[in-house]
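Novice: Shown below is the structure under consideration.
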Amino acid sequence: MASHFHEVKQGTSRVWKTALVFGMASLLMLVAACGGGPATTSSSTPLRVVSSPGQLNPDFFNPYYSTNQGGDWGAQGLLYESLYFTNLYTGDTSPWLASSYAYNSDNTQLTFILRSGVKWNDGQSLTSADVKFTFDQMVANPTLDQSGVLPLIKSVAAPDSSTVVFTLTHADSTALFRIGNAIYIVPQHVWSKIIVTPDKFANDNHPVGTGPYELTSFNSELITYNVNPNYWGKQPKVKTIQVPSIKDNTTAITDMVSGQLDWGGIGWSPDFQTQFTSKDAQHNHSWFAASNTVMLYLNLTKAPFNNLLVRKAISAAINRSQLPTGVAQYAPVANPTGIITTQQTKWVASQYQSGSFESGQSKVDGYLTQAGYTKGSDGYYRDASGKEITMAINVPTGWTDWDQDVQNIVSDLTKAGIKASTNFQSGYTPYYTAQSTSAYDVAISWTNSGPNPYYAYQALLSSTNAATASTPASGTNFESWDAATSNGYSAKTDQLLAQYQASSDPNVQMQAIQGIEDIMVSQLPVIPLTVNPYWDEYTTTHFTGWPDASNAYDAGSPFIFPDMEHVILNLTPVS
17 MASHFHEVKQ GTSRVWKTAL VFGMASLLML VAACGGGPAT TSSSTPLRVV SSPGQLNPDF
77 FNPYYSTNQG GDWGAQGLLY ESLYFTNLYT GDTSPWLASS YAYNSDNTQL TFILRSGVKW
137 NDGQSLTSAD VKFTFDQMVA NPTLDQSGVL PLIKSVAAPD SSTVVFTLTH ADSTALFRIG
197 NAIYIVPQHV WSKIIVTPDK FANDNHPVGT GPYELTSFNS ELITYNVNPN YWGKQPKVKT
257 IQVPSIKDNT TAITDMVSGQ LDWGGIGWSP DFQTQFTSKD AQHNHSWFAA SNTVMLYLNL
317 TKAPFNNLLV RKAISAAINR SQLPTGVAQY APVANPTGII TTQQTKWVAS QYQSGSFESG
377 QSKVDGYLTQ AGYTKGSDGY YRDASGKEIT MAINVPTGWT DWDQDVQNIV SDLTKAGIKA
437 STNFQSGYTP YYTAQSTSAY DVAISWTNSG PNPYYAYQAL LSSTNAATAS TPASGTNFES
497 WDAATSNGYS AKTDQLLAQY QASSDPNVQM QAIQGIEDIM VSQLPVIPLT VNPYWDEYTT
557 THFTGWPDAS NAYDAGSPFI FPDMEHVILN LTPVS
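Offset between the sequence shown (1-based) and our numbering: plus 16.
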């Protein structure tokens with residue numbers, strides 16, 4: 017049995033995973049050896065959080081970089097904050113460092129009014145000059161733009177101390193999320209004096225932020241945050257947060273089960289859940305809200321994947337009901353539109369609400385025959401020249417849920433007459449490089465997360481994001497959906513994405529999304545498989561107030577930023 021955890025970043029960035037293999041028997045022995053009951057709760061009991069298993073805590077509290085990008089857990093959210101907060105589960109927005117926002121009449125300008133009374137933890141006031149400085153640093157040092165926000169921004173102005181005006185490069189109603197939610201504001205009076213380039217600034221000497229916590233101590237084994245006594249918002253009830261380094265997934269799971277950790281975001285199998293809940297069913301819980309859709313990406317620059325009939329045959333050959341096995345039991349079958357229907361169902365047109373896929377050998381046979389293929393005596397389909405349909409499906413070794421899914425898919429395709437094989441990749445880098453530069457046949461991979469379907473669709477289908485050998489994919493357009501591969505549908509997709517961007521009218525936006533749904537279902541630029549979860553395990557032994565399906569004020573995972581701050585501010589110690 018093996019597991020991996022998912023860290024899902026917002027906007028145009030990637031999903032990162034770590035995978036480690038271990039035996040269930042070993043895990044159970046480790047759990048048994050830990051013994052003991054939960055720690056005694058007091059007002060000083062720290063909240064202990066899983067960071068990134070498999071590495072020591074880095075000495076890097078630079079808020080331009082999340083844990084995913086090499087920074088320390090907590091820099092984004094606990095120390096530094098964004099202008100607005102967007103609930104990824106509901107799509108609702110809330111003011112944060114800004115008290116309000118407004119677009120101009122054509123959505124080409126976005127203005128924020130800063131909240132009054134916000135101070136940095138050294139006592140100086142937050143002003144619009146700090147916000148402008150934060151973005152100016154990104155312009156001067158493009159590597160800081162980890163969220164890909166700069167292409168949206170033409171200029172930033174601070175006409176007075178509380179007003180920030182973003183002039184956009186085009187009409188874009190998504191700028192509130194991309195600018196307001198993903199960028200963490202830094203103090204000009206500190207960062208303008210650093211003597212190294214901003215991307216190298218470790219920021220480990222009492223970081224000056226607006227957040228609810230201050231860095232108390234750090235070493236590679238343990239980070240400790242304590243409450244900022246002068247925080248502008250309501251004082252947190254959680255007084256201390258500890259982030260220990262954890263050597264691997266096995267240890268992280270063991271520590272969660274034994275009560276040594278309060279909050280984790282670890283790839284979780286039903287076996288672990290059984291151990292976790294049976295240890296203390298009253299207090300140990302999990303909530304795996306849906307995060308993004310797992311796709312089978314076909315390289316549309318290659319034959320026969322550029323043939324729609326072949327794509328339809330491949331999709332029909334896959335028995336999706338057999339995919340959710342092991343860890344993936346928490347990953348239900350996707351909707352044909354690729355939209356996460358558990359929380360974004362209002363966006364799905366009525367004809368696609370049922371979520372059914374065409375399937376079965378008769379469908380496969382019909383599509384391939386129509387495409388000019390014939391089945392040989394060996395059971396495999398060939399074109400008129402006698403060439404078989406072959407494909408190698410890329411998947412990283414050790415990502416056990418996807419490894420199993422790909423093996424099931426290969427088996428389904430082989431039975432259907434399509435010669436497929438599993439192409440295990442030795443690590444994340446070669447896997448990602450191949451699909452982002454269009455150097456592969458087929459791959460299983462993710463889509464982007466966001467508060468509504470636009471964000472996944474934009475990353476997946478915008479022609480500007482298409483992978484080529486010379487220009488790596490932006491977002492997740494690994495399939496290379498563009499003018500050369502889409503029989504004209506890419507232009508229509510771009511038009512619909514632009515329609516959504518340009519308007520703040522919910523009806524206009526809905527029309528755009530449902531138009532893209534028609535293209536997804538009819539043209540199969542990618543093949544939806546299953547739905548990824550936000551991994552979220554927690555115990556109420558020491559703290560209550562965690563989000564769940566009945567109180568979805570947040571998606572819950574400790575690996576979503578700045579959401580983890582929002583969760584912590586809603587927790588209450590057990591008295």
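Cβ atoms here follow ideal geometry from the backbone N, Cα and C, with glycine treated the same way.
Quick caveat: nothing in here was measured; it's all calculated off a predicted structure.
Assign Pro286 to buried or exposed, taking buried as 16 or more other Cβ atoms, counted over all protein chains shown, within 10 Å of its Cβ.
Specialist: Within the sequence shown, residue 286 is the residue found at index 270, counting from 1. It is exposed - the Cβ of Pro286 has fewer than 16 other Cβ atoms within 10 Å.
Novice: May I ask you to verify whether the region 565-583 touches the region 104-115, counting CB pairs closer than 8 Å and requiring at least 3?
Specialist: With three or more CB-CB distances shorter than 8 Å, the region 565-583 counts as touching the region 104-115.
Novice: Let me know if Asn503 comes out buried or exposed under the rule of 16 or more other beta-carbons within 10 Å of its beta-carbon.
Specialist: Indexing the sequence shown from 1 puts residue 503 at position 487. Exposed, since its Cβ has fewer than 16 Cβ neighbours within 10 Å.
Novice: I want to know whether the region 561-570 touches the region 502-521 - three or more CB-CB distances under 8 Å.
Specialist: No, they do not touch.
Novice: On the premise that Gly376 lies in contact with Thr357, defined as a C-beta separation below 8 Å, what is that separation, rounded to the nearest angstrom?
Specialist: Position 341 of the sequence shown holds residue 357. Position 360 of the sequence shown holds residue 376. In fact, because the Cβ distance is near 23 Å, the residues do not count as touching under 8 Å.
Novice: With which residues is Glu230 paired in a DSSP beta bridge?
Specialist: Numbered from its first residue, the sequence shown carries residue 230 at position 214. Paired residue(s): Asn242.
Novice: Would the beta-carbon of Ala11 fall within 7 Å of that of Gln204?
Specialist: Only positions 17 to 591 of the chain appear in the structure, and residue 11 is not among them; the question remains open.
Novice: Taking only the alpha-carbon atoms, compute the straight-line gap between Met154 and Asp161 and give it to the nearest angstrom.
Specialist: On the sequence shown, position 138 is the one that residue 154 refers to. On the sequence shown, position 145 is the one that residue 161 refers to. Roughly 6 Å between the two C-alpha positions.
Novice: Quick one: what does DSSP say Ile282 is sitting in, helix, strand or coil?
Specialist: Counted from its first residue, the sequence shown places residue 282 at position 266. Coil, per DSSP.
Novice: Would the region 315-330 and the region 383-395 be scored as touching if the rule is three or more Cβ pairs under 8 Å?
Specialist: yes
Novice: Residues in its own chain within less than 6 Å of Ser110 by CB, not counting five upstream and five downstream?
Specialist: Here the question's residue 110 lines up with position 94 in the sequence shown. Cβ neighbours of Ser110 beyond the five flanking positions: Phe101.
Novice: Rounding to the nearest angstrom, what Cα-Cα distance links Asp296 and Glu374 in this structure?
Specialist: If you number the sequence shown from 1, residue 296 lands on position 280. If you number the sequence shown from 1, residue 374 lands on position 358. The alpha-carbon atoms of Asp296 and Glu374 are separated by roughly 43 Å.
Novice: Cα-Cα, which of Leu316, Pro348, Ser141, Phe128 is closest to Ala173?
Specialist: The residue labelled residue 173 in the question sits at position 157 within the sequence shown. When each option's Cα is compared against that of Ala173, the closest is Phe128.
Novice: Expressed to the nearest angstrom, what Euclidean distance is found between the alpha-carbon atoms of Thr588 and Asn351?
Specialist: Taking the first residue of the sequence shown as 1, we reach residue 588 at position 572. Taking the first residue of the sequence shown as 1, we reach residue 351 at position 335. Computed Cα separation, rounded: 37 Å.
Novice: According to DSSP, is Ser302 helix, strand or coil?
Specialist: Within the sequence shown, numbered from 1, the residue matching residue 302 stands at position 286. Strand.
Novice: Taking only runs that begin and end inside the region 512-553, name each unbroken alpha helix (DSSP H) of 4 or more residues, in chain order.
Specialist: 522-539
Novice: Here's the rule I'm using: 16 or more other beta-carbon atoms within 10 Å means buried, otherwise exposed. How should Val590 be labelled?
Specialist: As a first step, residue 590 must be located in the sequence shown, where it is residue number 574. Answer is exposed; the Cβ neighbour count stays below 16.
Novice: Quick one: grab the DSSP three-state call for Glu374.
Specialist: The count along the sequence shown starts at 1 and reaches residue 374 at position 358. Looking at Glu374 - three-state DSSP - the assignment turns out to be coil, as it is neither helix nor strand.
Novice: Use the C-beta contact count for Asp122: other C-beta atoms within 10 angstroms, 16 or more gives buried, fewer gives exposed.
Specialist: Taking the sequence shown and counting its residues from 1, the one referred to as residue 122 is at position 106. Classification of Asp122: exposed, given that the 10 Å Cβ count is below 16.
Novice: Would Asp75 be called buried (16 or more neighbouring beta carbons within 10 Å of its own) or exposed?
Specialist: On the sequence shown, position 59 is the one that residue 75 refers to. The residue is exposed, with fewer than 16 neighbouring Cβ atoms inside 10 Å.
Novice: Using 10 angstroms around the beta-carbon of Glu635, count the other beta-carbons present and answer buried if the total reaches 16, otherwise exposed.
Specialist: A query on residue 635 cannot be resolved here, the shown segment of the chain reaching from 17 to 591 and no further.
Novice: Can you tell which of Lys209, Ser163, Ala568 has its C-alpha closest to the C-alpha of Tyr80?
Specialist: Here residue 80 refers to the residue found at position 64 of the sequence shown. Answer by Cα proximity: Ser163.
Novice: Go ahead and pull the three-state DSSP assignment for Tyr447.
Specialist: As a position in the sequence shown, residue 447 is number 431, starting the count at 1. Looking at Tyr447 - three-state DSSP - the assignment turns out to be helix.
Novice: Under three-state DSSP, which class holds Tyr368?
Specialist: Counting from 1 along the sequence shown, the entry for residue 368 is found at position 352. If DSSP states are grouped into helix, strand and coil, Tyr368 belongs with the helices.
Novice: Quick check: the Cα distance between Pro549 and Val147, rounded to an integer number of angstroms?
Specialist: On the sequence shown, residue 549 is found 533 positions in, with the first residue counted as 1. On the sequence shown, residue 147 is found 131 positions in, with the first residue counted as 1. Each residue's Cα considered, the two are about 33 Å apart.
Novice: For Glu533, tell me which candidate among Ala518, Gln367, Gly87, Thr266 has the shortest Cα-Cα distance.
Specialist: For this step, residue 533 is matched to residue 517 along the sequence shown. Checked all of Ala518, Gln367, Gly87, Thr266; the closest Cα to Glu533 is Gln367.
Novice: Let me check understanding here. Comparing Cα to Cα, which of Leu316, Tyr396, Trp415 lies closest to Ala499?
Specialist: Translated into the one-based positions of the sequence shown, residue 499 becomes position 483. Residue Leu316 is the option with its Cα nearest to Ala499.
Novice: Could you give the first and the last residue of the continuous beta strand (DSSP E) run that contains Asp176?
Specialist: Taking the sequence shown and counting its residues from 1, one reaches residue 176 at position 160. Taken as a continuous stretch (DSSP letters only), the beta strand (DSSP E) holding Asp176 covers 169-176.
Novice: With burial defined as no fewer than 16 other Cβ atoms inside 10 Å of the residue's Cβ, what is the status of Pro223: buried or exposed?
Specialist: In the sequence shown, counting from the first residue as 1, residue 223 sits at position 207. Pro223 is buried by the Cβ-count criterion.
Novice: CA-CA distance, Ala118 and Tyr241?
Specialist: Position 102 of the sequence shown, counting from 1, holds the residue named residue 118. Position 225 of the sequence shown, counting from 1, holds the residue named residue 241. Approximately 35 Å, taken between the alpha carbons.
Novice: Using a Cβ-Cβ cutoff of less than 7 Å, which residues in the same chain neighbour Val426 once the five nearest sequence positions on both sides are dropped?
Specialist: Residue numbering aside, residue 426 sits at position 410 when the sequence shown is read from its first letter. Result list for Val426: Ile409, Ala436, Ser437, Thr438, in chain order.
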